[in-house]
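Structure, as structure tokens:
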Amino acid sequence: MAVSKLVVFSNQSISNICESCAVFDSWLSFLNANIDPIGFFILADLKKDYHNIVQSIRKSSFFYQFIFTEEDFGDKRVDGVATINEAIEKCKLMQEKKVKLKFSLDSLSQSEKLLVYFFLRDNLELFPEFNPQSPKLYTYPVIKCLSKDENNTEWLSELIRKNLLAFKTLVDRVRLCNKCGSAHLYFIDVCPNCKSIDIKKSRAVHCFSCGYVANESEFQTPQGLICPKCSSRLRHIGVDYDFTTTQFACNSCGFLFEEPLVLYRCMECGEQDLPEKLNTQEFYSIEMTLFGMEWLLKEQKEMLFSIFKVGFKNVDLDYFKFLVDWFISIYKREKCFAFGLLIMKFNNIDEIVKFYGMSNAIEIFEEFSRRINEMLRETDIVCKDDDFKIWIFLPATSKKGIENRLKTIIDNMQPQNGPGIKINIQIIYSSSIETTDTAESLMSKLEFTND
């Protein structure tokens with residue numbers, strides 16, 4: 002069996018300092034060892050190799066593991082700076098959380114991997130990283146590692162659309178080529194008439210005698226300014242001529258204009274167009290939503306709820322309805338066969354898991370299950386449905402009181418700090434049934450009242 006240890010990457014031996022560590026000088030040497038890592042730690046002496054090590058971890062089956070470093074390498078793929086002892090404690094806590102996941106982490110989709118990565122890190126907020134080499138100037142390093150295709154982020158957009166993940170803090174707004182989507186752009190000034198880039202700033206002269214307007218260079222002669230159209234000598238500004246507000250002239254077509262036309266050019270595909278044709282993409286930090294947590298924990302909620310199978314006389318839903326129908330038919334003939342039908346609906350299992358953690362949540366529900374089981378009689382029958390409801394059939398029961406006992410159990414289990422278990426309890430007795438009632442109708446009444 003593989004030994005579970007903190008994997009430390011270093012050129013020095015520290016095994017004599019920490020028995021819970023296994024030291025390797027490269028990723029390959031680690032792969033060749035029979036070690037089950039609880040997490041990873043990179044010492045400063047391997048700083049030059051840390052990028053490849055981190056990249057290898059995040060792209061491997063250990064993608065979800067914590068990675069700590071001795072120094073701050075400025076890498077968003079790692080979980081921070083820590084001492085070796087701090088790293089061991091944090092990794093152990095994460096491992097406790099991980100083993101409660103009911104599904105295997107070996108064959109997850111890229112979407113599921115990202116959700117697991119968020120789940121194992123409390124209050125994680127992934128920020129985009131500015132990268133001039135990236136087509137869109139920003140990347141999410143962890144997401145990039147988990148992607149099957151680094152250029153395809155549609156799967157991430159799908160997680161956002163489903164509200165499993167959500168944008169939080171706006172980091173930047175980037176303009177993108179409307180043809181290829183690249184942010185590698187530059188802008189050029191061109192002639193509005195012929196789109197030539199051969200333009201320059203120049204003053205235009207306005208001749209008062211004939212009204213001719215042209216570039217100042219056309220009026221310049223060795224004898225001074227002379228109108229090329231009417232040959233008037235322009236001596237006094239404001240009397241013979243003035244300068245117009247035109248500031249540019251095109252050397253290709255001779256067009257005069259006040260402001261050049263600005264176009265963008267894409268350095269990737271060569272597309273040229275007006276800036277208003279550019280697409281816009283905003284880059285935000287990303288966090289996991291409560292809905293995303295609930296979606297991921299659906300298996301865990303079912304696992305928690307399955308605790309109520311232990312020790313109870315559980316039957317499936319169809320058989321439970323059959324028994325209730327049987328007792329209803331007997332009661333209609335002989336009123337002495339009284340019974341009660343009770344429903345308990347758990348309303349905040351996901352809140353309990355999120356606040357207390359999976360380990361503590363299991364302990365809470367195991368204790369609650371034990372106390373209910375102690376209260377029930379040998380003849381009572383329990384049914385657990387798929388909507389986090391527990392049905393309890395109570396034969397030979399005609400007196401009220403079980404609701405109060407259940408509520409007392411719940412009240413006694415409520416913690417002083419933090420959320421408590423929220424359960425709706427309703428019960429109906431045989432004395433209240435109508436002649437047309439069946440198991441289906443009684444259960445429907447209770448569900449409607451419970452909601």
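Numbering (the numbering used here), first residue to last: 2 to 452.
Positions of the beta carbon are idealized from the N, C-alpha and C atoms, including for glycine.
Helix, strand or coil at residue i according to DSSP, with G and I counted as helix
i: N102; result: Position check: residue 102 holds Leu in this sequence, whereas Asn was assumed. The answer is coil: DSSP assigns L102 none of H, G, I, E or B.
i: K6; result: strand
i: Q96; result: helix
i: E184; result: The sequence given here places Ala at residue 184; Glu does not occur at that position. The answer is coil: DSSP assigns A184 none of H, G, I, E or B.
i: R234; result: strand
i: M444; result: helix
i: P142; result: helix
i: F120; result: helix
i: K137; result: coil
i: M464; result: With the chain running from 2 to 452 in the structure shown, residue 464 is simply not present.
i: E277; result: helix
i: F258; result: strand
i: N409; result: Per the sequence shown, residue 409 should be read as Thr rather than Asn. The answer is helix: DSSP assigns T409 an H, G or I state.
i: L71; result: Position check: residue 71 holds Glu in this sequence, whereas Leu was assumed. Of the three classes helix, strand and coil, the one that applies to E71 here is coil, per DSSP.
i: F128; result: coil
i: Y357; result: helix
i: R204; result: coil
Cβ neighbour criterion (16 or more within 10 Å) applied to residue i
i: A34; result: exposed
i: P416; result: exposed
i: C251; result: buried
i: Q134; result: exposed
i: F10; result: buried
i: N216; result: buried
i: P1; result: No answer is possible for residue 1: the residues shown for the chain start at 2 and end at 452.
i: Y65; result: buried
i: D123; result: exposed
i: M95; result: buried
i: V100; result: exposed
i: D412; result: exposed
i: K163; result: exposed
i: K202; result: exposed
i: M2; result: For M2, the pLDDT reaches just 44, beneath the cut-off of 50, and the residue's location in the model is therefore unreliable, although a value from the coordinates is still provided. Classification for M2: exposed.
i: I58; result: buried
i: L30; result: For the sequence presented, residue 30 should be read as Ser rather than Leu. Exposed, by the Cβ-count rule.
Whole-angstrom distance between residue j and residue i, CA atom to CA atom
i: K60; j: C19; result: 27 Å
i: A362; j: N280; result: 47 Å
i: Y187; j: M289; result: 36 Å
i: T380; j: I393; result: 11 Å
i: I144; j: I422; result: 36 Å
i: L407; j: S105; result: 36 Å
i: T70; j: K137; result: 29 Å
i: C480; j: I329; result: Given that the chain is displayed from residue 2 to residue 452, the structure contains no residue 480 and the question cannot be resolved.
i: S158; j: F168; result: 11 Å
i: V263; j: C231; result: 36 Å
i: S1; j: N349; result: Because the chain in this structure spans residues 2 to 452, residue 1 falls outside the shown range and cannot be described.
i: P223; j: L235; result: 13 Å
i: L32; j: Q56; result: 14 Å
i: C228; j: P276; result: 39 Å
i: F249; j: G255; result: 10 Å
i: Y357; j: G81; result: 24 Å
Minimum C-alpha distance to residue i - residue among the options
i: D22; options: E87, S57 and F389; result: It should be pointed out that residue 22 corresponds to Cys in this sequence rather than to Asp. Per the Cα distances, E87.
i: I39; options: I68, L32 and H52; result: I68
i: K346; options: K333, F321 and K390; result: K390
i: L160; options: A205, R371, L395 and W296; result: W296
i: T437; options: N418, N374 and Y332; result: Y332
i: A397; options: S431, I58 and M294; result: S431
i: M294; options: E277, W327, R334 and E352; result: E352
i: D243; options: L226, M95 and K230; result: L226
i: L7; options: D388, E155 and A83; result: A83
i: H185; options: C254, Q224 and Q273; result: Q273
i: E97; options: I426, F120 and R78; result: F120
i: E435; options: D386, D326, I350 and D190; result: D326
i: D386; options: G419, S307 and I238; result: S307
i: F258; options: L377, A440, N194 and R162; result: N194
i: S253; options: G402, V191, V354 and I373; result: V191
i: I428; options: M414, E441, N12 and G402; result: G402
i: L291; options: L165, D26 and L171; result: L165
i: N132; options: D173, W156 and N405; result: D173
i: F323; options: E367, V24 and L443; result: L443
Contact test: residue i Cβ vs the ligand COA heavy atom, cutoff 6 Å
i: K114; result: As far as ligands go, the structure on display features none, and thus does not contain the ligand COA.
**OP:** Evaluate the contact criterion for the region 265-278 versus the region 170-186: three or more CB pairs, one atom per stretch, below 8 Å.
**Re:** yes
Original post:
Per the contact definition of three or more C-beta pairs closer than 8 Å, is the region 336-352 in contact with the region 437-447?
Top reply: yes
Original post:
Taking one C-beta from the region 74-94 and one from the region 38-54 each time, how about it: are there three or more such pairs within less than 8 Å?
Top reply: yes
Original post:
For the region 284-298 against the region 118-132, are there 3 or more C-beta pairs whose distance is under 8 Å?
Top reply: yes
Original post:
For the region 48-55 against the region 109-123, are there 3 or more C-beta pairs whose distance is under 8 Å?
Top reply: no
Original post:
Are there three or more Cβ pairs, one per stretch, closer than 8 Å when the region 203-212 is compared with the region 229-243?
Top reply: yes
Subject >> Touch test, the region 193-202 against the region 147-154, Cβ-Cβ under 8 Å, three pairs minimum >> reply: no
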